[in-house]
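Novice: Residue numbers (my numbering): 7 to 257.
Structure below; questions to follow.
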Ligand SMILES: [Zn+2]
């Protein structure tokens, strides 16, 4: 049974220690968090005016990448009772109108649902010069990162807990000086706080005659949310996805 310990959390990131598990399980959580948890993103854009220097396609692509706060309660279009007709339960209408000279930001979008907001309001969409104009209507829907990167909920990664061992030619003094989290104990050399471990520390150890091994049963797991959902929401939805998959599996 996997043991999970919360190491750190804030509004954009969560760090966990997964113990007594396998690389496959850690990877399954990573994949579910990044590719299976649905978030809102703009999917269709209808232009009525665009005399900017940017083509419709590029502008639509930029709009698709605007990170949108995703409130609870939206349905995936494929699972909505409206049968793909894009009702208010599975889609959000957005209007954007601007006339140059002006810089158009994500915060200038008029979003029908007040709970859906641009996470980074200062994201620049386009710069309009004198006499340039845009007028468009967009539709945001829920989607999964597996289909398109614009629907990625965040970035998840993990590292097997490191352990170090000194070889015969090790320069222990150099390592103790330059890697503050390594200390000498009666058992040899130990990493005091593995959560502070970085690849740079690993390199210093290796260059000075230490062997660095990463555990294949204990992992430091990090999830950074892009802001559509909280990292806690993403983690619990990822676990639900895995549970659902396990239930549906025909053994
Ligand atoms: Zn619907």
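Even for Gly, the Cβ is constructed at its ideal location relative to N, Cα and C.
Use the C-beta contact count for residue 63: other C-beta atoms within 10 angstroms, 16 or more gives buried, fewer gives exposed.
Specialist: That one is exposed.
Novice: If you run the structure through DSSP and keep just helix, strand and coil, what is residue 57?
Specialist: If DSSP states are grouped into helix, strand and coil, residue 57 belongs with coil.
Novice: Following a CB-centred definition, is residue 78 positioned closer than 6 angstroms to any heavy atom of ligand 1?
Specialist: Every heavy atom of ligand 1 is 6 angstroms or more from the Cβ of residue 78, so no.
Novice: Which residue comes first and which comes last in the alpha helix (DSSP H) that contains residue 138?
Specialist: Element bounds for residue 138: n/a, residue is neither H nor E.
Novice: Tell me the residue span of the beta strand (DSSP E) that contains residue 100.
Specialist: Residues 97-105.
Novice: In its own chain, which residues sit with a C-beta less than 7 angstroms from the C-beta of residue 132, not counting the 5 before and 5 after it?
Specialist: Within the same chain, residue 132 has close Cβ partners 58, 60, 65, 110, 140.
Novice: What three-state label does DSSP hand residue 221 in the structure shown?
Specialist: Three-state DSSP puts residue 221 in a strand.
Novice: Please list the terminal residues of the continuous alpha helix (DSSP H) segment that includes residue 40.
Specialist: Residues 29-41.
Novice: Using C-beta distances below 8 angstroms, list every residue in its chain close to residue 122, excluding the 5 sequence neighbours before and after it, in chain order.
Specialist: Only 46, 74, 75, 76, 77, 98, 146 meet the Cβ criterion.
Novice: If the criterion is Cβ atoms closer than 7 angstroms, does the pair residue 167 and residue 221 meet it?
Specialist: Going by C-beta atoms, residue 167 is nearer than 7 angstroms to residue 221.
Novice: What do you reckon, are the CB atoms on residue 205 and residue 198 nearer than 7 angstroms?
Specialist: Their beta carbons are not under 7 angstroms apart, which means residue 205 does not touch residue 198 by this criterion.
Novice: Measure the Cβ-Cβ separation of residue 228 and residue 21 and say whether it is below 7 angstroms.
Specialist: Result yes, Cβ atoms of residue 228 and residue 21 sit closer than 7 angstroms.
Novice: Using C-beta distances below 8 angstroms, list every residue in its chain close to residue 161, excluding the 5 sequence neighbours before and after it, in chain order.
Specialist: Result list for residue 161: 40, 229, 230, 232, in chain order.
Novice: Would you decide whether residue 80 is buried or exposed? Buried here means 16 or more other CB atoms lie within 10 Å of its CB.
Specialist: By the neighbour-count rule (16 or more Cβ atoms within 10 Å), residue 80 is buried.
Novice: Between which two residues does the beta strand (DSSP E) holding residue 248 run?
Specialist: From DSSP, residue 248 is part of no beta strand (DSSP E) but of the alpha helix (DSSP H) over 237-254.
Novice: Can you say whether residue 84 is buried or exposed, counting buried as having 16 or more other CB atoms within 10 angstroms of its CB?
Specialist: Its Cβ having fewer than 16 others within 10 Å, residue 84 is exposed.
Novice: Measuring only from the beta carbon, is residue 211 closer than 6 angstroms to any heavy atom that is part of ligand 1?
Specialist: For ligand 1, not one heavy atom lies less than 6 angstroms from the Cβ of residue 211.
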